[in-house]
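Numbered by the numbering used here, the letters in the sequence shown go through residues 9 to 137 in order. Ideal Cβ positions, reconstructed from N, Cα and C, are used throughout, including at glycine.
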Amino acid sequence: MPKRGNSRHTVEVNLDALRRIGIHPTDDEKRLTLVPGAKAESDITDLLAQHRLAEKVLSIFTRFRWLFKCWPAKRVAGLVSALQTQGHRIIVTAAPAVEELAMIKDIQAELRQPVVDLSGQLSLKQLRR
9 MPKRGNSRHT VEVNLDALRR IGIHPTDDEK RLTLVPGAKA ESDITDLLAQ
59 HRLAEKVLSI FTRFRWLFKC WPAKRVAGLV SALQTQGHRI IVTAAPAVEE
109 LAMIKDIQAE LRQPVVDLSG QLSLKQLRR
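Next comes the structure, spelled out in structure tokens:
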């Protein structure tokens, strides 16, 4: 069990077990890769086309257990408004967790222009794109 206050990432601490038996993963072997697959790619392409959107999405949220790491709704709304003023169309995403959906509603309440709200509707594979 690692001692508290360890400055190393949890993944590196866990990989120490492999290193002890002579297995030393390279950086390429430790790289996390998510391959969405053809269906997720097709679904998100269709969804973006349906809303006439570009393929760039700004994701603001972390998991609901860590909402304390998120900006307050008013600040997020300020960023969204600034981006909209520059001509960007905004897609809002979030997990289907009640806390995240409530935060999305708080953000939308601060906005003068609507956003495309896909919160709670996408899978992790669809968000990968």
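Worksheet entry | Ser-89 versus Lys-82 - alpha carbon distance | 10 Å
Worksheet entry | Counted within 10 angstroms of its Cβ, other Cβ atoms place Ser-139 as buried (16 or more) or exposed | As shown, the chain starts at 9 and ends at 137. That puts residue 139 outside it, with no answer to give.
Worksheet item: Are the segment 114-126 and the segment 88-104 in contact at 8 Å, needing three or more beta carbon pairs?
Response: yes
Practice prompt. Would you mind stating whether Ala-85 and Glu-37 have Cβ atoms separated by less than 8 Å?
Written response: no
Worksheet item: How would you label Ala-48, buried or exposed, when you count the other beta carbons within 10 angstroms and need 16 or more for buried?
Response: buried
Discussion item. In the DSSP output, what is Val-100 paired with across the bridge?
Written reply: Asp-125
Worksheet item: How about Leu-23 and Pro-33: do their beta carbons lie closer than 8 Å?
Response: yes
Discussion item. Using 8 Å as the threshold, is the C-beta distance between Met-111 and Leu-135 below it?
Written reply: no
Worksheet entry | Bounding residues of the alpha helix (DSSP H) (the contiguous stretch that carries Ile-112) | 106-118
Practice prompt. Give, in chain order, every unbroken run of the beta strand (DSSP E) that is at least 3 residues long and sits entirely within the segment 14-54.
Written response: none
Item to complete: Grab the span of the alpha helix (DSSP H) containing Gly-86 for me, first residue to last.
Response: 81-93
Fill in: Closest residue to Ala-105 among Gln-94, Ser-131, Leu-91 (Cα-Cα distance)
Ser-131
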